[in-house]
Amino acid sequence: MNVIVAGGSGFLGRHVVEELARRGHRLTVLARGTRTTPDTHDGNVETIACDVAAGDLPIERLRGADAIVNLIGIKRDTAAQTFQQVHVDAVRQLIELARQISARRFVHVSVVAARPDERHAYHDTKWQAEQLFKESGLDVTILRPGVIYGPGDDMITHLVKMIRFVPLFPVVGAGSSILQPVHVHDVARCVAETLARPETIGATLEVVGPEPMQLREVVRTVATATGLKLWIVPTPIWFQRVSVWLMNRLCSNPLSTPAQLQMLIDGMAGDPRPVDEQLGVRPEPFRVETVAELQRGIPPLFGFSLRLLGGSGYPERKGQ
178 MNVIVAGGSG
188 FLGRHVVEEL
198 ARRGHRLTVL
208 ARGTRTTPDT
218 HDGNVETIAC
228 DVAAGDLPIE
238 RLRGADAIVN
248 LIGIKRDTAA
258 QTFQQVHVDA
268 VRQLIELARQ
278 ISARRFVHVS
288 VVAARPDERH
298 AYHDTKWQAE
308 QLFKESGLDV
318 TILRPGVIYG
328 PGDDMITHLV
338 KMIRFVPLFP
348 VVGAGSSILQ
358 PVHVHDVARC
368 VAETLARPET
378 IGATLEVVGP
388 EPMQLREVVR
398 TVATATGLKL
408 WIVPTPIWFQ
418 RVSVWLMNRL
428 CSNPLSTPAQ
438 LQMLIDGMAG
448 DPRPVDEQLG
458 VRPEPFRVET
468 VAELQRGIPP
478 LFGFSLRLLG
488 GSGYPERKGQ
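Numbered per my numbering, the sequence shown spans residues 178 to 497.
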């Protein structure tokens, strides 16, 4: 199958491209900016630099595609890239592209937190994008992942850096919001299986881990994987909001964004059974052993770790 992958150079995108290429699909990756992704798949992956939201699409080069996978998304609203532009305007352009090149099949990767919400633009624009696809008349399947973890992710990377830096970790409220972390490899498999199963057209499937966990349990699992002791400190939501706001004003690459904080406050849970039943994918549980492998390649926060200074490098994981 000839597949266009929009947003194929990001964290999730790289894993989806790898999975689809492994299954023999010919891929055209649309990526913002001028960076070119090397093709390590025997010429089956072509990367085109373009701004999808602006309609900067080489129509003639994209003809012949059988399907489009949309992975475009951001977690931080900036003047250069707003949620409206990336989540909504880009979807309008992709729907128009599909009509022009006669590619009816679509897999749209949204988020389990998508909902109409004028107070929170991230959630609202994700929901708007879903509605555009549902009204498009195209053969669309919507996947709604929860918190995604894996090599190169945000969640594990940021948690590990903070745990290595100081022995205190502030959780939102009591840390009781519910998450169901899902491995990026399982999300990529879901995308590939969705393309292979036309019976999923019209479905909206939640892609989440099998076990609901409280936020503080997730943090504790990551701490155990690092082999370092950690004191989890409940923190008022207003304090977290102010801290994240300041971080986003002062840092070019903040550890958290207002959108991510809101998802932690609300929780990101779902029902994993339909993905198992309709796609044959049973996501792996969030385990200490998996996180222990991931944390080994993560560099320290600010280039050094207060807790590892004077040590021999990365700590060995201690038993639970």
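In this text, a Cβ means the ideal position worked out from N, Cα and C, and glycines have one as well.
Would you mind sorting residue i into buried or exposed? The rule is 16 or more other CB atoms within 10 Å of its CB.
| i | result |
| --- | --- |
| residue 439 | buried |
| residue 433 | buried |
| residue 383 | buried |
| residue 303 | buried |
| residue 353 | exposed |
| residue 323 | buried |
| residue 506 | Because residue 506 is not part of the residues shown, which for the chain are 178 to 497, the question remains open. |
| residue 186 | buried |
| residue 411 | exposed |
| residue 431 | buried |
| residue 454 | exposed |
| residue 321 | buried |
| residue 308 | exposed |
| residue 423 | exposed |
| residue 351 | exposed |
| residue 280 | buried |
| residue 419 | exposed |
Using only the alpha-carbon positions, how far apart do residue i and residue j sit?
| i | j | result |
| --- | --- | --- |
| residue 211 | residue 234 | A caution first: residue 211 carries a pLDDT of 48, below 50, which makes its placement in the model unreliable, though a value can still be read off. Cα-Cα distance, rounded: 14 Å. |
| residue 417 | residue 347 | 8 Å |
| residue 329 | residue 278 | 34 Å |
| residue 473 | residue 345 | 20 Å |
| residue 371 | residue 377 | 7 Å |
| residue 325 | residue 444 | 13 Å |
| residue 367 | residue 340 | 31 Å |
| residue 258 | residue 399 | 32 Å |
| residue 182 | residue 237 | 16 Å |
| residue 222 | residue 196 | 12 Å |
| residue 450 | residue 456 | 10 Å |
| residue 429 | residue 333 | 19 Å |
| residue 209 | residue 358 | 27 Å |
| residue 294 | residue 389 | 24 Å |
| residue 225 | residue 207 | 5 Å |
| residue 230 | residue 265 | 8 Å |
| residue 213 | residue 435 | Confidence at residue 213 is low in this model, with a pLDDT of 49, below 50, so the placement of that residue is unreliable and no value is reported for it. |
| residue 405 | residue 349 | 21 Å |
| residue 407 | residue 360 | 24 Å |
| residue 305 | residue 448 | 22 Å |
| residue 310 | residue 476 | 39 Å |
| residue 180 | residue 201 | 11 Å |
| residue 409 | residue 437 | 19 Å |
| residue 467 | residue 191 | 20 Å |
| residue 375 | residue 178 | 13 Å |
| residue 487 | residue 426 | Bear in mind that a pLDDT of 43 at residue 487, under 50, signals an unreliable position, so the model cannot answer this. |
| residue 256 | residue 331 | 22 Å |
| residue 270 | residue 205 | 16 Å |
Select from the options the residue whose C-alpha is nearest the C-alpha of residue i.
| i | options | result |
| --- | --- | --- |
| residue 373 | 222, 228, 458 | 458 |
| residue 274 | 307, 295, 240 | 240 |
| residue 242 | 308, 475, 296, 203 | 203 |
| residue 317 | 268, 349, 351, 292 | 268 |
| residue 220 | 407, 232, 199, 280 | 199 |
| residue 272 | 312, 178, 191, 201 | 312 |
| residue 442 | 369, 290, 305, 408 | 290 |
| residue 262 | 425, 232, 276 | 232 |
Using 9 Å as the threshold, is the C-beta distance between residue i and residue j below it?
| i | j | result |
| --- | --- | --- |
| residue 193 | residue 421 | no |
| residue 342 | residue 301 | no |
| residue 327 | residue 362 | yes |
| residue 446 | residue 402 | no |
| residue 314 | residue 250 | no |
| residue 471 | residue 337 | yes |
| residue 380 | residue 319 | yes |
| residue 254 | residue 298 | yes |
Query raised in the report: Any contact of the segment 379-395 with the segment 455-470, i.e. 3+ C-beta pairs under 8 Å?
Result: yes
Query raised in the report: Would you call the segment 240-252 and the segment 279-291 in contact, with 3 or more CB pairs under 8 Å?
Result: yes
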